[in-house]
Amino acid sequence: SQTIHQWPATLVQPVGSPLSLECTVEGTSNPNLYWYRQAAGRGLQLLFYSVGIGQISSEVPQNLSASRPQDRQFILSSKKLLLSDSGFYLCAWGASTDTQYFGPGTRLTVL
Amino acid sequence: GESVGLHLPTLSVQEGDNSIINCAYSNSASDYFIWYKQESGKGPQFIIDIRSNMDKRQGQRVTVLLNKTVKHLSLQIAATQPGDSAVYFCAETGYSTLTFGKGTMLLVSP
Numbered sequence: 072s073q074t075i076h077q078w079p080a081t082l083v084q085p086v087g088s089p090l091s092l093e094c095t096v097e098g099t100s101n102p103n104l105y106w107y108r109q110a111a112g113r114g115l116q117l118l119f120y121s122v123g124i125g126q127i128s129s130e131v132p133q134n135l136s137a138s139r140p141q142d143r144q145f146i147l148s149s150k151k152l153l154l155s156d157s158g159f160y161l162c163a164w165g166a167s168t169d170t171q172y173f174g175p176g177t178r179l180t181v182l
Numbered sequence: 101g102e103s104v105g106l107h108l109p110t111l112s113v114q115e116g117d118n119s120i121i122n123c124a125y126s127n128s129a130s131d132y133f134i135w136y137k138q139e140s141g142k143g144p145q146f147i148i149d150i151r152s153n154m155d156k157r158q159g160q161r162v163t164v165l166l167n168k169t170v171k172h173l174s175l176q177i178a179a180t181q182p183g184d185s186a187v188y189f190c191a192e193t194g195y196s197t198l199t200f201g202k203g204t205m206l207l208v209s210p
């Protein structure tokens, strides 16, 4: 069966510090991978998606970036965090452009 | 632009009642719909899906109804339990990615 992992589970970072969130998927090959952000009490905002290694599509221009160095690894990064980057970050995978399955999420607080 | 939205932000029910959560969509090209459940502090969990060539699909205690005429989607939960308390999202796909609604919080009282 397929599983998706995210780490860390929680993170508190100062403004201006770098960020690296990691997502890995097991039990499937060549998945579509997605990064979402969810602000408190809000819906899901798609940040990036990838249909293959090295292929990244950005949905929202901002100070975040994503990379996919391996088939089942998706990384969300920032060189300098802003207060507005606080939120719940979710990684998801899908075998096609239909159903997506989500990871447990990372709670990021920028102080 | 096209969007997916929910009618009720919060729904409170008693344990054992049936719950109905509604969702309106505006993209007539949408051909696949999903309901997710998200418990506090966790990632969304897939509940049930339906394709546009169907108008009803049943799972365990859950039923999704699709009315393409009025672009309406609903999730029915039978015999609601306290463990069903969560935020429920509908999502649609007609293009390359899913579009999510803002969510409805379901509160189940014992």
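Here the protein sequences line up with chains L and A, keeping their order.
Note that the first sequence ends on residue 182 in my numbering; no numbers are left out.
Note that the second sequence ends on residue 210 in my numbering; no numbers are left out.
Heads up, the beta-carbon is just placed ideally off N, CA and C, and yes, glycines get one too.
Remember, predicted model here, so these are calculated numbers, not experimental data.
Here L:G98 carries a coil assignment [DSSP, helix/strand/coil]. At least 7 Å separates the beta-carbon of L:R113 from that of L:Y160.
Across the region 108-119 of chain L, CB contacts with chain A closer than 8 Å involve R113, G114, L115, L117, in sequence order along the chain.
Taking 7 Å as the cut-off between beta carbons, the residues of the region 143-172 of chain L near chain A are L161, T168, D169, T170, Q171, Y172, in sequence order. For L:G114, there is no enclosing beta strand (DSSP E), as DSSP marks it with neither H nor E. The residues R151, T193, in chain order, have a CB closer than 6 Å to that of A:Y132 in the same chain once the five nearest residues on each side in sequence are set aside.
For A:E192, the uninterrupted beta strand (DSSP E) segment begins and ends at 186-193. Unbroken beta strand (DSSP E) runs of no fewer than 3 residues, entirely contained in the region 104-165 of chain L, are found at 115-123, 126-129, 135-141, 144-149, 158-165, following chain order. Short of 6 Å from the beta carbon of L:F173, and not among the five residues preceding or following it, lie these beta carbons of its own chain, in chain order: L161, A163. Looking at the DSSP output, A:I121 sits in a beta bridge with A:L175.
In the DSSP assignment, the residues bridged to L:T81 are L:R178.
Your pair L:S129 and L:P89 does not check out as a contact, with CB atoms roughly 18 Å apart and the cut at 8 Å.
Relative to A:I148, the option among A:L206, A:T180, A:S130, A:L173 whose CA is nearest is A:L173. By the rule that beta-carbons nearer than 7 Å mark a contact, A:K202 touches chain L. Non-local beta-carbon contacts of L:A110 in its own chain, meaning distances under 7 Å to residues more than five positions away in sequence, involve G158 in chain order.
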